[in-house]
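A short write-up of the structure that comes next.
In the working numbering, the protein residues as written are 575 to 825.
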């Protein structure tokens with residue numbers, strides 16, 4: 575039985591948010607997806623990343639931050655092919671080609687968060703923001719999800735405690751393993767929130783902004799983020815996201 579050829583498609587970067595002529599840092603936003611599908615990219619998943627892209631660029635005004643949403647070739651992870659990871663690697667090379675040697679923050683949700691964590695070893699990547707990451711019990715080779723590529727990167731994982739789509743216990747276990755070799759890993763728990771993180775959307779967006787711009791623009795993190803990064807496990811990996819975060823940040 576011959577294997578059916580996949581449709582020929584190319585990944586692409588969405589339009590740039592921010593001034594793409596004088597860029598000092600880039601946020602690459604990675605949408606969610608599904609475990610297996612060779613259907614074309616999901617416009618709905620990509621559109622869900624746009625509010626964060628716009629917010630980061632507005633907040634980074636004066637720091638020359640640009641943001642792009644990555645449009646995958648396929649909407650599925652697709653087992654050992656890990657198509658989104660290959661797309662992220664392509665996108666990182668494209669960012670380097672367009673902007674030169676600038677720091678990049680990978681910001682993904684769901685499947686995109688897993689792709690961000692996997693692709694973090696690229697030299698341009700300085701930080702990873704993983705929102706409700708989809709992490710299976712075991713990687714495709716039967717082993718644990720890799721964490722070595724996270725060394726030297728700042729990593730923030732955000733997960734709702736009531737997420738029934740992607741297990742928060744799995745992101746905690748990955749964070750525990752990563753923290754053993756990389757002190758710059760922290761994880762926030764959003765109590766009573768689900769996979770979409772809708773109940774505390776304002777706080778999650780404020781946390782994402784603080785972390786992404788802090789890592790790209792060399793500015794101080796908010797105290798809760800700094801405390802989470804500095805705290806030993808399990809404290810810094812089960813940090814509760816306080817209601818009202820972002821309204822009165824103290825550095």
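Yeah, the Cβ is synthetic: ideal placement off N, Cα and C, and Gly gets one too.
Answer yes or no: do residue i and residue j have a C-beta to C-beta separation smaller than 9 Å?
i           : j           : result
residue 747 : residue 803 : no
residue 830 : residue 766 : With the chain represented from 575 up to 825, any question about residue 830 goes unanswered, as that position is not in the structure.
residue 811 : residue 600 : no
residue 752 : residue 733 : no
residue 642 : residue 669 : yes
residue 826 : residue 656 : Any question about residue 826 goes unanswered here, given that the chain covers just 575 to 825.
residue 673 : residue 661 : no
residue 781 : residue 799 : yes
residue 703 : residue 687 : yes
residue 778 : residue 685 : no
So, at 6 Å on beta carbons, what are the nonlocal neighbours of residue i in its own chain, with the 5 sequence-adjacent residues on each side left out?
i           : result
residue 887 : In the structure as shown, the chain begins at 575 and stops at 825. Residue 887 is therefore absent and cannot be evaluated.
residue 739 : 769
residue 692 : 659
residue 816 : none
residue 652 : 610
Please go through the same chain and pick out, in chain order, the residues whose beta-carbon is closer than 7 Å to the beta-carbon of residue i, but skip the five residues on each side of it.
i           : result
residue 783 : 629, 630, 633
residue 695 : 723
residue 665 : 585, 587, 602, 644
residue 808 : none
residue 749 : 731, 759, 761, 811
residue 689 : 604, 658, 659, 662, 682
residue 596 : 638
Return the chain-ordered list of same chain residues with a C-beta closer than 8 Å to the C-beta of residue i, the five sequence neighbours on each side being excluded.
i           : result
residue 741 : 709
residue 700 : 677, 678, 679, 727, 728, 789, 790
Could you name the residues that DSSP lists as bridge partners for residue i?
i           : result
residue 704 : 682, 731
residue 788 : For residue 788, which the question treats as bridged, DSSP gives no partner whatsoever.
residue 813 : 762
residue 591 : 641
residue 586 : 645
residue 650 : 608
Taking residue i as part of the beta strand (DSSP E), name the residues at either end of that continuous run.
i           : result
residue 644 : 639 to 645
Where do the N-terminal and C-terminal ends of the alpha helix (DSSP H) with residue i fall, by residue?
i           : result
residue 603 : Residue 603 -> not in any alpha helix (DSSP H); beta strand (DSSP E) instead, spanning 599 to 604.
residue 668 : 657 to 673
residue 745 : 742 to 753
residue 757 : Here residue 757 belongs to no alpha helix (DSSP H), and DSSP marks it neither H nor E.
residue 799 : 797 to 804
residue 620 : 617 to 621
residue 524 : Given that the chain is displayed from residue 575 to residue 825, the structure contains no residue 524 and the question cannot be resolved.
Does any residue of chain B bring its CB to less than 9 Å from the CB of residue i?
i           : result
residue 709 : Looking at the structure shown, chain B is missing, and only one protein chain is on hand.
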